[in-house]
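According to my numbering, the sequence shown is numbered sequentially starting from 130. Note that CB positions come from ideal geometry on N, CA and C, so glycine has one too.
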Amino acid sequence: MRKIFTLLMTALFFMACQPEDPSQELSSASLQANTLTDATNIGEYKGVFTTLDSKYRAVVSIIIPSETNTFSKLLPIATLTTQMGEVFEAKAISVPQTESAINNLHFESAQWSFDFSVNQRGETPQITNVIFKDRDAAIIVAKHTLRAPVIPVTGTWECVECNGHPVVGQGATQTFNMMFTTADGTSTMTTQSTIGTTSTDGIGYQSDCSATGVLTTCTIESGDGSTTNVGFLSNGQPVTWEGVHIFNNEPTASGNDCSQITGTWEWESISYGTLSGTFESDTSCPGTSTTLIDEDFEDASFDFVPTFVDNAGETTDYFRITNGSDISATINGVQGAQFFGAQDIDGVNGVGENPASLTWSGFDVTGLTNFDFSAFFAEDDDGSNQDWDELDYLRAQYRLDGGAWVTFFAIENDGSQFNAAPLIDNDLDGDGDGAEITDTMTMYGATFAIPAATTMDVRIEMSLDSGDEDIAIDNVLLTGN
Numbered sequence: 130m131r132k133i134f135t136l137l138m139t140a141l142f143f144m145a146c147q148p149e150d151p152s153q154e155l156s157s158a159s160l161q162a163n164t165l166t167d168a169t170n171i172g173e174y175k176g177v178f179t180t181l182d183s184k185y186r187a188v189v190s191i192i193i194p195s196e197t198n199t200f201s202k203l204l205p206i207a208t209l210t211t212q213m214g215e216v217f218e219a220k221a222i223s224v225p226q227t228e229s230a231i232n233n234l235h236f237e238s239a240q241w242s243f244d245f246s247v248n249q250r251g252e253t254p255q256i257t258n259v260i261f262k263d264r265d266a267a268i269i270v271a272k273h274t275l276r277a278p279v280i281p282v283t284g285t286w287e288c289v290e291c292n293g294h295p296v297v298g299q300g301a302t303q304t305f306n307m308m309f310t311t312a313d314g315t316s317t318m319t320t321q322s323t324i325g326t327t328s329t330d331g332i333g334y335q336s337d338c339s340a341t342g343v344l345t346t347c348t349i350e351s352g353d354g355s356t357t358n359v360g361f362l363s364n365g366q367p368v369t370w371e372g373v374h375i376f377n378n379e380p381t382a383s384g385n386d387c388s389q390i391t392g393t394w395e396w397e398s399i400s401y402g403t404l405s406g407t408f409e410s411d412t413s414c415p416g417t418s419t420t421l422i423d424e425d426f427e428d429a430s431f432d433f434v435p436t437f438v439d440n441a442g443e444t445t446d447y448f449r450i451t452n453g454s455d456i457s458a459t460i461n462g463v464q465g466a467q468f469f470g471a472q473d474i475d476g477v478n479g480v481g482e483n484p485a486s487l488t489w490s491g492f493d494v495t496g497l498t499n500f501d502f503s504a505f506f507a508e509d510d511d512g513s514n515q516d517w518d519e520l521d522y523l524r525a526q527y528r529l530d531g532g533a534w535v536t537f538f539a540i541e542n543d544g545s546q547f548n549a550a551p552l553i554d555n556d557l558d559g560d561g562d563g564a565e566i567t568d569t570m571t572m573y574g575a576t577f578a579i580p581a582a583t584t585m586d587v588r589i590e591m592s593l594d595s596g597d598e599d600i601a602i603d604n605v606l607l608t609g610n
């Protein structure tokens, strides 16, 4: 099945700039207006960046000023904008001879450095010796022109079916950036991905774009669109991918630009068989997410099914929606008037079971691959004598098309046999290693990706079988895109 992948088509507006004051600062827009041509190395180069450890991703702009304008003595400048919005600049150490090839022009700042080479026509730019915050890194760029604007998008990939591979195991999120070059209505792509500490470049192709209102969707897949569907080789074996890119098609000046990428990949590895997973961009478009769960427990209308119905009205053994007045636990910071509370749930008179769960069923997830989960959690603080045992837990899980349950978020104690604090289990290994759940409602969450599926069920399962072992839950939200 082909997924749809959408490309950001950016309309560029340039203004003529002929300042009378030569000390006036040269803007990126005026540089583009004066120097953006096809057959010269003057102008702007745009692309993507990653550190080889995948900690930092970024979009990159390199501007080579024209020697014929008022600002001919300005040094070339590079700008790097990370996925977290941090901006870093680096300047060249000399003014290049732009009428001839540029060879190893060195850019440097306190945070990063690299060498830039390109022929006199601005073709096949090469960037080498990239260092960012003392980390080895890689950059790919292309000449950005009116005929072929370059659109960089940063993102990540993750393994879902990993077969025990030690480098690309489940949860090992790594870089998967994309650089689109649009010309004459067609788009080719260059990809930049990391595996372990190695960066690999690849190819992709866009087609079949269609617009619905201000959003456009395009089919995109690995390969060149005709002779091969292979995006790149990893350990000599082919990697293929396909997906969706949604972008806002309004003019850039409208301020409504967005770009959202999701998709799936496969790798025929030598020693671990067929591995597969998902990828997604760091950015998204408003209105493209699908809300699956939005539960605030404020009324009797809800979509989940509890393992059992608690009508016993007990204050110490309970599993029900409450405003806090009919239970023994003290919970602060409730989001609204009510929340869901659970304590010693197998002790609920006549009906209690342990573990017990809240289950939402039958979501249509066709075309959805990436999900965001959040909820508020609290636990009645028992001072220095916390009460969760090794067998106590809260786990948020999904299952696809009626298959096995998969945990994507968990609260556990630290592995102590008895009486420890509940903690976020960041690595989902059964022992809490993150933030402590206190008696004040605090929002925690997780993101996860799934392979292609038709239906999804979701549940929050709790195991609490003794007095003072409790949890409170509020404002459960799950969205997919």
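- In the displayed model, Ile474 falls within a helix according to three-state DSSP.
- Gly352 and Phe361 have their C-alpha atoms spaced approximately 8 Å apart.
- The secondary-structure analysis by DSSP pairs Ser322 across a beta bridge with Phe305, Thr329.
- Counted as a single uninterrupted DSSP element, the beta strand (DSSP E) harbouring Gln255 occupies residues 255 to 261.
- Counting along the chain, Pro367 sits inside the beta strand (DSSP E) bounded by residues 366 to 377.
- The DSSP-derived three-state label of Gly491 is strand.
- Excluding its 5 nearest sequence neighbours in each direction, Ser238 has C-beta neighbours in its own chain below 8 Å: Phe217, Glu218, Ala219, Lys220, listed in chain order.
- Taking all protein chains in view, the Cβ of Ser322 is crowded by 16 or more other Cβ atoms within 10 Å, so the residue is classified as buried.
- Between Gln212 and Thr283, the C-beta gap is smaller than 7 Å, which places the two residues in contact.
- Annotation for Gly462: Phe505, Ala507, Thr569, Met570, Thr571 place their beta carbon closer than 8 Å to its own, counting only its chain and skipping 5 residues before and after.
- Scanning Gln303, Asp554, Asp473 for the CA closest to the CA of Tyr447 turns up Asp473.
- Exclusion of the five residues before and after Phe433 leaves Glu424, Leu487, Thr488, Trp489 as the residues of its chain whose Cβ lies within less than 7 Å of its Cβ.
- Within a 10 Å sphere around the beta-carbon of Leu421 sit 16 or more other beta-carbons, which makes this residue buried.
- In this structure, Ser246 sits away from Ile260, with a CB-CB distance that is not shorter than 7 Å.
- Residues Asp423, Ser503 of the same chain have their beta carbon placed closer than 6 Å to that of Leu606, with the five preceding and five following residues left out of the count.
- Following the DSSP letters along the chain, one finds Cys347 inside the beta strand (DSSP E) bounded by residues 344 to 351.
- Separation of Asn248 and Lys184 (C-alpha to C-alpha, rounded to the nearest whole angstrom) is 32 Å.
- Taking all protein chains in view, the Cβ of Arg588 is crowded by 16 or more other Cβ atoms within 10 Å, so the residue is classified as buried.
- The C-alpha of Lys272 is placed about 44 Å away from the C-alpha of Phe492.
- The Cβ atoms of Ala187 and Thr208 lie no closer than 7 Å to each other.
- The shortest CA-to-CA distance from Thr320 to any of Ile399, Gly293, Glu350 is the one to Glu350.
- Ranked by how close their Cα comes to the Cα of Leu275, the residues Pro551, Gln389, Ala168 have Ala168 in first place.
- Linking Tyr527 to Trp534 through their CA atoms gives a straight-line distance of about 5 Å.
- Annotation: the continuous beta strand (DSSP E) that includes Ile450 extends over 447 to 451.
- Nearest C-alpha to Asn440 among Thr451, Phe431, Gln389: Thr451.
- Rounded to the nearest angstrom, the Cβ distance from Thr445 to Gly596 is 6 Å, consistent with a contact under 8 Å.
- In this structure the segment 402 to 415 touches the segment 572 to 584; the number of beta carbon pairs closer than 8 Å is three or more.
- In this structure Lys262 is exposed. Its beta-carbon is surrounded by fewer than 16 other beta-carbon atoms within 10 angstroms.
- For Ile171, same chain residues with a beta-carbon under 6 Å away, outside a window of 5 residues either side, are Thr164, Ile193, Ser195, Thr227 in chain order.
- For the pair Met585 and Val494, the CB atoms are nearer than the 7 Å cut-off.
- In its chain, beyond the 5 residues on either side, no residue has a beta carbon closer than 6 Å to the beta carbon of Thr341.
- Just measuring C-alpha positions, the residue of Gly214, Glu215, Leu234 sitting nearest Ser223 is Leu234.
- At a cut-off of 3 residues, the continuous stretches assigned as beta strand (DSSP E) that sit fully inside the segment 401 to 446 are 403 to 410, 419 to 424.
- The Cβ atoms of Glu397 and Gln366 sit closer than 7 Å to each other.
- Counted as a single uninterrupted DSSP element, the beta strand (DSSP E) harbouring Leu606 occupies residues 599 to 609.
- Bounds of the beta strand (DSSP E) holding Val177 are 172 to 180.
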